[in-house]
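Q: Structure provided below as C-alpha cells; questions to follow.
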Amino acid sequence: MSGTDHEWDEGNPERLYVITRGRSGLAERTVLDLVTLIVSRSKPQPTMQPEHAAILRLCHSPLSVAEISAYLRLPMSVTTVLLADLLADKRVEARAPVPLAQLPDRALIEAVMHGLQKL
Amino acid sequence: MDFRSSETVVGPRSEDTLPSSAATAVKVVIVGGFGVGKTTLVGAVSEIRPLTTEETMTQAGADVDDIAGVERKTATTVAMDFGRISINDELVLYLFGTPGQQRFWFLWNGLFEGALGAVVLVDTRRLEVSFDVIGRLEERGVPFVVALNSFPESPSYPTEELRAALDLPPEVPIVECDARTRESSRDVLMALMRYLYSLTTPTP
C-alpha cells in the first residue's frame, strides 16, 4: 500500500494558526516551490520562534521546502510562511528551481538522463 | 502533524544531506489511483527513505465564530510522499507521488507547474481511474508517459489496445514496469526523459 493513500487525519488548525500568526501562506507560496532549495545563512538565536530555529538547524546543508515540511511535520503552507520570515530577515538563502519554458531544456534533460543511468 | 520542540526535530541522516553545491532542483510527479504503487515506485529509486509532506484542506464556510464548534472537524490533512535522486553535484531530482483526484493537486501550489513531466501509474485491473488523470494532464499541457505496474493478477493487454482504451495520442509512450524494483522504476523515469527529450527536438 502506498503511504500517500492513508486515510485523512484530522488536523489541528488552531495550533497552526498560532505558529503562522494567522497568515495563510498564499502570498509566500508564489515564490517558494516544493523543490526550492533552502540553505541557512545564520545560526539559530535563543529568542527566535522555535520553528524558525528548527529550520536554521535543518538547513545547514541544502534542503527542499518539501523536505523541511516533512522533517518539521508541518503543512507546506505553514512551512512557506515560516520560510518567508527567514528569507525576509536574510537568515536563509533560497535556490529557486529552473524556470521551465514551454518546452523542457535539452541540456537539463540530458543531465537527468545521465544521472539516472548511474542509478 | 505534531510539531515537536525545535531541539527534537529529527533532520536528515548525515548520509542523506545534499552537498552544499546543490543549486537546482527539478521535479517529476507520479500520479495514480489509490494503491497503484506510487510510493513503491518512488521508494525503489529514491536515495532517501520516502518522506511525507502534508497540506491542510480547510473546509470553506466553516463556522469560524462558533465557539461551541471547536471540537468539530474544521480542517483535513492530506499527505503526499516523495523521494529524491541526486543527479550530479548541482542538480537534484524530486519525485512526488500524488493521488489522481484533481482536488488534491490544488493543495500543493505548483505541483505540476514547473514539473519536468509526469508518470501516470496504471493498474490494468482498474483502467477507469486513469481516464480522468490523463485528461487533466492533457488540459494542463503536462507531458507524461503511462507506466503499467504489473501485479501478479493483472490482465495483460496488447499496448495498442490499452492506448485505444485510454484514448492516448500515438506519441505518448506506454511502458510496463515492476514498481518494486529499482531498475524497472528507473527505466520508467528514463522513458519519460526520452519522451521529454523528443519534445525538445524541433519538428523537421
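For the protein sequence lines, the chains are A and B, in the order given. Note that the working numbering numbers the first sequence so that position 38 is 395, with each residue one more than the last. Note that the working numbering numbers the second sequence so that position 153 is 258, with each residue one more than the last. Ideal placement from N, C-alpha and C gives every residue a C-beta, glycine not left out.
#1: Identify the contact partners of leucine 294 of chain B in chain A, using a Cβ-Cβ distance below 7 Å as the criterion.
#2: Beta carbon of leucine 391 of chain A, beta carbon of leucine 271 of chain B: below 9 Å?
#3: Would you identify the three-state DSSP class for methionine 295 of chain B, choosing helix, strand or coil?
#4: Suppose contacts are defined by Cβ-Cβ distances below 9 Å. Is methionine 185 of chain B in contact with glutamate 159 of chain B by that definition?
#5: Of the residues B:Leu221, B:Val227 and B:Val250, which one's Cα is nearest the Cα of serine 261 of chain B?
#6: Would you mind listing the beta strand (DSSP E) stretches within the stretch 221-246 of chain B that are 3+ residues and don't spill past its ends, in chain order?
#7: Out of A:Asp446, A:Leu465, A:Leu444 and A:Val449, point me to the one whose CA is closest to leucine 198 of chain B's CA.
#8: DSSP three-state label for methionine 470 of chain A, please.
#9: With a CB to CB cut of under 8 Å and the five nearest residues on each side skipped, what residues in its chain are close to aspartate 462 of chain A?
#10: Three-state secondary structure (DSSP) at aspartate 186 of chain B?
#11: Is the stretch 248-262 of chain B in contact with the stretch 289-309 of chain B, if contact means three or more CB pairs nearer than 8 Å?
#12: Determine the burial state of histidine 471 of chain A: buried for a count of at least 16 other Cβ atoms within 10 Å of its Cβ, exposed for fewer.
#13: Name, please, each residue of chain A whose Cβ falls closer than 7 Å to the Cβ of threonine 158 of chain B.
#14: Are the beta-carbon atoms belonging to lysine 475 of chain A and arginine 398 of chain A less than 9 Å from one another?
#15: Given 8 Å as the limit, is there contact between the stretch 186-197 of chain B and the stretch 225-245 of chain B, that is, 3 or more CB pairs closer than that?
A: In terms of the structure at hand:
#1: In the second sequence, the residue the question calls residue 294 of chain B occupies position 189. Ordered by position in chain A, the residues that pass the 7 Å Cβ test against leucine 294 of chain B are Leu473.
#2: Position 34 of the first sequence holds residue 391 of chain A. Position 166 of the second sequence holds residue 271 of chain B. With respect to leucine 271 of chain B, leucine 391 of chain A sits apart: the two C-beta atoms are not nearer than 9 Å.
#3: Residue 295 of chain B sits at position 190 when you count from the first residue of the second sequence. Note: methionine 295 of chain B maps to helix in three-state DSSP.
#4: As a first step, residue 185 of chain B is located in the second sequence; it is residue number 80 there, counting from the start. As a first step, residue 159 of chain B is located in the second sequence; it is residue number 54 there, counting from the start. The answer is yes: Cβ separation under 9 Å.
#5: Indexing the second sequence from 1 puts residue 261 of chain B at position 156. It is B:Val227 whose Cα lies nearest to the Cα of serine 261 of chain B.
#6: 222-227
#7: To locate residue 198 of chain B, count along the second sequence from 1; it is residue 93. With distances taken between Cα atoms, leucine 198 of chain B lies closest to A:Leu465.
#8: One-based indexing of the first sequence puts residue 470 of chain A at position 113. Note: methionine 470 of chain A maps to helix in three-state DSSP.
#9: By one-based count along the first sequence, residue 462 of chain A stands at place 105. These residues qualify, in order along the chain: Val455.
#10: One-based indexing of the second sequence puts residue 186 of chain B at position 81. Strand.
#11: yes
#12: The sequence position of residue 471 of chain A within the first sequence is 114, counting from 1. Histidine 471 of chain A comes out exposed.
#13: Here residue 158 of chain B refers to the residue found at position 53 when the second sequence is read from its first residue. Ala423, Ser426, Ala427 and Met433, listed in chain order.
#14: Locating residue 475 of chain A in the first sequence gives position 118, where the first residue counts as 1. Locating residue 398 of chain A in the first sequence gives position 41, where the first residue counts as 1. In this structure, lysine 475 of chain A keeps its C-beta atom at 9 Å or more from the C-beta atom of arginine 398 of chain A.
#15: no
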